[in-house]
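Let me begin by presenting the structure, written as structure tokens, before commenting on it.
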Amino acid sequence: MKIALIQTPWSDASAREYKGVAKRFALYPPMGLLCLAASVDKAGHESVVLDLEVEELPFEEVCRRVKECGADLIGITATSPVFHITRLFAAEFKKRLGLPIIAGGPHINVLREEAFAPEFDYAAVLEGHDTLVELMTALEKRESLDGIRGLLYRENGKVRYNGDRAFTRELDDLPYPARSKVNPGDYIFEVPGQGVIPVATIELTRGCPFKCVFCSEPSNTGRALRKRTPKSVVDEMLHVKEQYGISHFMTLDSTLTLNRKLIEGMCHELIARNANVTWEGQTRANLVDEPLLRLMKRAGLIRLSFGVESADLEVLRLMKKEVKPEDMRNAFRLCKRLGISTLCGVMMGNPGDTVRTVMKTARFVRSIPEIRFAPMAIAIPYPGTELFSMAERGENGLKLLTKDYTRYSRYAGGVMEVGGLKPEDLAKLQRRALFIAHSTPRKAWGLVSHFGFGNVAKIGAKLMGKEIASWFGRSENLRQQSAAYENTTLRSLGVHLD
């Protein structure tokens, strides 16, 4: 049996304001689909993968390719902000090709039957590789679907679910992602000292034990950490390097240094085998120290990303982030001293946020010279997160305004009221915070060197051009609150500005 696995376009919906930059500087392979394809092929079935984010094909051409490859089944995946696109594609596929559709991804994982739209014939919940293989085998042999764990389907007009499938414990036993199904050279990222180059993604672990209210990962991969062996990880890196000529890797782990033994083992394996690759990842600022970072750098680490989120202790407490601002500052300084580049994530519109706390965070970011760019994303309460539940219940100053997931964009004002601030207020506050956070020569140059002058100008025009007047007049309440905060309380924070 043969399946066509489709990655629907995502940047138009989930990163509309940065689509041009994303296309030029940050395109990631559809790892979920490539992992599914590998399992399908290993089981003796066949698969093709179409990444429509990269190819941007007319829908008629997509249908032609699916029909031409002889697919018996179409698999399609999506996150919450692009779920409407997934449904549109599924409806058109059924109309034009008459093929059954199986859906999967985070939106399905969390909402289950609620997200099992009429356009879908089947849905795989949580890790889908074994579920998909068993479904294809059952369809091919015309067998019952009753025993397939993790499968949503319809029988006699009623939705049935066979119960959750246990997470895969032995990650080493999974086949490598089927990277040959796409063109690996299409997937690029801006890498320090190397420019914009093809990169590969790789996972060391699955699962996350932390309880950050904004994160849905535990709902998708569980709280228990499951890990590969260092040898397995390095074997895959060297395979990719030899097979595709790609020698820079982006780890997909949400907290790269959570299991110190694994990272140290991987580093020693890379060094012993003279792998000559570079790599990067993201972690928590309180889970790094000088001996570990020195070893990681020696093994090829060139960049780490830290989640700053907020500089206000009460906001961090409500977010259940459990990392202190001084940990963040120290981590950036240490990486700088060791020659490791850094990225960061910052959010606003969190539980407990006010104009004062957002401005505090912007000033904090501005005070750390090692931070070249901080996106200042607006917190979005994705389904499956505690943040979503908080907003639904009206807790901690939050109020959920809509479940229209097409509006769940981090740069369009958000979908919650936060401490009395409406989405339009948050969008204006976001622009002001972005300006303050980056209003030093060092950070301005960092933006230009990272994205290029033309792209910085375009982003600036989108963020500021249409509403620049609001900074100085149209949002008088915000302007007064922000100015009052800067004038009366900034010095008490102990922040040293450039």
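Mapping of the sequence shown onto our numbering: residues 6 to 503, in sequence order. All residues carry an ideal CB built from backbone N, CA and C; glycine is no exception.
Subject >> Buried or exposed by the 16-neighbour rule on C-beta atoms within 10 Å, applied to Ala-277 >> reply: exposed
Original post:
Based on the DSSP secondary-structure assignment, which residues constitute the bridge partners of Lys-232?
Top reply: Thr-210
Original post:
So what does DSSP say about Arg-278, is it helix, strand or coil?
Top reply: coil
**OP:** Using a threshold of 7 Å, state whether the C-beta atoms of Ala-143 and Leu-150 are closer than that.
**Re:** yes
**OP:** List in chain order: all unbroken beta strand (DSSP E) runs of 3+ residues lying wholly within the segment 50-131.
**Re:** 51-56, 78-82, 106-109, 127-129
Subject >> Inter-residue Cα distance where the pair is Lys-433 and Lys-365 >> reply: 16 Å
**OP:** From the DSSP output, read off the bridge partner residues of Ala-205.
**Re:** Phe-254
Original post:
If you drop the 5 nearest sequence neighbours on each side, which residues of the same chain put their C-beta closer than 6 Å to that of Glu-397?
Top reply: Leu-405
**OP:** Please report the residue range of the alpha helix (DSSP H) in which Glu-422 lies.
**Re:** Element bounds for Glu-422: not the alpha helix (DSSP H) but the beta strand (DSSP E), 421-423.
Original post:
Are the CB atoms of Cys-74 and Val-45 nearer to each other than 7 Å?
Top reply: no
**OP:** Decide if Lys-146 is buried, meaning its Cβ has at least 16 other Cβ atoms within 10 Å, or exposed.
**Re:** exposed
Subject >> Alpha-carbon to alpha-carbon, Arg-436 and Ala-382 >> reply: 10 Å
**OP:** Answer with buried or exposed for Gly-478, where buried requires no fewer than 16 other C-beta atoms within 10 angstroms of its C-beta.
**Re:** With a pLDDT of 39 at Gly-478, under the threshold of 50, the modelled position of this residue cannot be trusted, and the question is left open.
Subject >> C-beta atoms of Ala-122 and Ala-76 nearer than 7 Å >> reply: no
Subject >> Contiguous alpha helix (DSSP H) assignments of at least 4 residues, all confined to the segment 358-418 >> reply: 360-372, 391-398
Subject >> Outcome for Asp-177 when other beta-carbon atoms lying within 10 angstroms are tallied against a minimum of 16 >> reply: exposed
Subject >> Complete beta strand (DSSP E) runs within the segment 135-163 (minimum length 3 residues, chain order) >> reply: 156-160
Subject >> Exposure of Trp-15, with buried meaning 16 or more beta-carbon neighbours within 10 Å >> reply: buried
**OP:** Please decide whether Pro-182 counts as near chain D, where near means a Cβ-Cβ distance under 7 Å.
**Re:** Absence of chain D from the displayed structure is noted, only one protein chain being present.
Original post:
Quick one: what does DSSP say Ser-224 is sitting in, helix, strand or coil?
Top reply: helix
Original post:
Rounded to whole angstroms, how far is the Cβ of Ile-251 from the Cβ of Val-201, which I believe are closer than 8 Å?
Top reply: Rounded, the Cβ-Cβ distance is 13 Å, inconsistent with contact.
Original post:
Under a Cβ-count criterion, where at least 16 other Cβ atoms within 10 Å of its own Cβ denotes burial, should Ser-444 be classed as buried or exposed?
Top reply: exposed
Subject >> Among Pro-197, Ser-315, Thr-256, Cys-272, the one whose alpha carbon lies nearest that of Pro-296 >> reply: Cys-272
Original post:
Is the Cβ-Cβ distance between Thr-84 and Pro-111 less than 7 Å?
Top reply: yes
**OP:** Verify whether the separation of the beta carbon atoms of Ala-95 and Glu-61 is less than 7 Å.
**Re:** no
Original post:
Quick one: what does DSSP say Lys-471 is sitting in, helix, strand or coil?
Top reply: Reliability fails at Lys-471, whose pLDDT of 45 lies under 50, so the model's placement of it is uncertain and no value is given.
Subject >> Contact set for Phe-254: own chain, Cβ-Cβ below 8 Å, skip 5 residues either direction >> reply: Val-204, Ala-205, Thr-206, Ile-207, Met-242, Val-245, Val-282, Thr-283, Trp-284, Glu-285
Subject >> Cβ separation of Ser-212 and Thr-226, assumed to be a contact under 8 Å, to the nearest whole Å >> reply: Reading the sequence as shown, one finds Gly at residue 212 and not Ser. Between Thr-226 and Gly-212 the Cβ distance is about 5 Å, and since that is below 8 Å, they are a contact.
**OP:** Pick out whichever of Arg-371, Glu-222, Asp-126, Ile-153 has its Cα sitting closest to the Cα of Ala-316.
**Re:** Arg-371
Original post:
Gly-37 lies in the alpha helix (DSSP H); which residues open and close that run?
Top reply: 36-47
**OP:** Select from Gly-305, Phe-337, Lys-232, Leu-431 the residue whose C-alpha is nearest the C-alpha of Leu-358.
**Re:** Reading off the sequence shown, one finds Asp at residue 358, where the question assumed Leu. Asp-358 has its Cα closest to that of Leu-431, out of Gly-305, Phe-337, Lys-232, Leu-431.
**OP:** Round the Cβ separation of Leu-298 and Thr-256 to the nearest angstrom and send it over; I've been treating them as touching at under 8 Å.
**Re:** That belief does not hold up - the Cβ atoms of Leu-298 and Thr-256 are roughly 15 Å apart, past 8 Å.
Subject >> Classification of Gly-168 by the beta-carbon crowding that lies within 10 angstroms, buried from 16 upward >> reply: exposed
Subject >> Sequence ranges, beta strand (DSSP E) only - wholly within the segment 278-355, length at least 3 >> reply: 283-288, 306-314, 346-353
Original post:
Applying the criterion that 16 or more other CB atoms from any shown protein chain within 10 Å of the CB defines a buried residue, is Thr-288 buried or exposed?
Top reply: buried
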